[in-house]
Amino acid sequence: MKTETINFFDKVYQVAKQIPYGRVTSYGAIANYLGAAKSARMVGYAMNGSVGKDVPAHRVVNRKGLLTGKHHFEGTNLMQELLESEGIKIIDNQIQGFDKVFWDPSNEL
DNA sequence: TTTATGACTCCTC
DNA sequence: AGAGGAGCCATAA
51 MKTETINFFD KVYQVAKQIP YGRVTSYGAI ANYLGAAKSA RMVGYAMNGS VGKDVPAHRV
111 VNRKGLLTGK HHFEGTNLMQ ELLESEGIKI IDNQIQGFDK VFWDPSNEL
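In structure tokens:
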């Protein structure tokens, strides 16, 4: 096994799992916390394998608070409903008050 | 094994 | 100020 690369994914899962209720974060924030600010895409890819890992991928959105990955969920607005269920308002796939619900791992963790 | 793509972000024109 | 291109690393074919 070697593969230190797994550390990156593993860390993403760990951070995503620690996202508090009613809060959201961005791929770049996680990537930055991991030291790979330019690898934000990998964070999103990591979410792809988050299924079966207790990782609330629906709490992770792009830097604009836009639900770019909602298309990857089962339904079409499943991600939105999950966030709304936590008290987060979403309009047109965009999180309202994103700055207020934004959770920075580098700041909180 | 190599090539291509992707749930993003930043820099430059 | 707005638009476009490049970079990042891992997964899939």
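Mapped onto the numbering used here, the consecutive letters of the first sequence carry residue numbers 51 to 159.
Heads up, the beta-carbon is just placed ideally off N, CA and C, and yes, glycines get one too.
Q: Excluding the 5 residues preceding and the 5 following valine 93 in the sequence, name in chain order all residues of the same chain whose CB lies nearer than 6 Å to its CB.
A: As a first step, residue 93 must be located in the first sequence, where it is residue number 43. For valine 93, where only same-chain residues beyond five positions count, the Cβ hits under 6 Å are Val62, Tyr77, Ile80, Ala81.
Q. Out of curiosity, what's the CA-to-CA distance linking histidine 108 and glycine 85?
A. To locate residue 108, count along the first sequence from 1; it is residue 58. To locate residue 85, count along the first sequence from 1; it is residue 35. Taking the straight line joining both Cα atoms gives about 22 Å.
Q) Is it the case that the Cβ atoms of isoleucine 145 and glycine 115 are separated by a distance below 8 Å? A) For this step, residue 145 is matched to residue 95 along the first sequence. For this step, residue 115 is matched to residue 65 along the first sequence. Closer than 8 Å, so yes.
Q. Using CA coordinates, which residue listed in Val74, His122, Ala90, Tyr71 is at the minimum distance from phenylalanine 58?
A. Reading the first sequence from its first residue, position 8 is the one you call residue 58. Of the candidates Val74, His122, Ala90, Tyr71, the one whose C-alpha sits nearest the C-alpha of phenylalanine 58 is Ala90.
Q) Quick one: what's isoleucine 80 bridged to in DSSP? A) Counted from its first residue, the first sequence places residue 80 at position 30. Here isoleucine 80 is not bridged, per DSSP, to any residue.
Q: Report the residue from Met129, Asn98, Asp154, Leu117 whose alpha carbon sits nearest the alpha carbon of aspartate 60.
A: In the first sequence, counting from the first residue as 1, residue 60 sits at position 10. Closest option to aspartate 60, Cα to Cα, is Asn98.
Q.
So if DSSP puts glutamine 144 in a beta bridge, which residue, or which two residues, is it bridged to?
A. Working through the first sequence from its first residue, we reach residue 144 at position 94. Answer is Leu116, Ile141, bridged to glutamine 144.
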